[in-house]
Amino acid sequence: MTNSFLFVRPDGAQLGKIAELLESGQIKPVIDRVFAFEQAREGLEYLGRGRAKGKVVVKIK
């Protein structure tokens with residue numbers, strides 16, 4: 002397994018390339034936890050503890 006970091010800026014072309022990589026499965030984000038929108042406050046508190054080992058997602062739909 003190889004890990005690397007990717008830093009992005011608000012650039013449409015770069016975001017489009019990232020979307021392609023995600024859709025093709027070439028990159029896979031690490032998701033620590035998913036919170037329902039109604040639990041957004043809990044999600045922010047969890048994130049603030051600094052123990053997340055990946056992305057913390059607030060699901061809108």
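Numbering (our numbering), first residue to last: 2 to 62.
Cβ coordinates follow ideal geometry from the N, Cα and C atoms, glycine included.
Since the model is a prediction, treat every value here as computed from it, not as a measurement.
Query	Result
Run through the stretch 21-56 for me and flag every whole beta strand (DSSP E) of 3 or more residues, listed as ranges in chain order.	32-37
Under 8 Å, with one C-beta from each stretch per pair, do the stretch 41-48 and the stretch 10-24 reach the 3-pair mark?	no
Can you tell me which of the three DSSP states K18 falls into?	helix
Could you round the C-beta distance between K56 and V31 to whole angstroms and report it? I think they count as a contact, below 8 Å.	7 Å
Considering only their Cβ atoms, is the gap separating K18 from D33 smaller than 8 Å?	no
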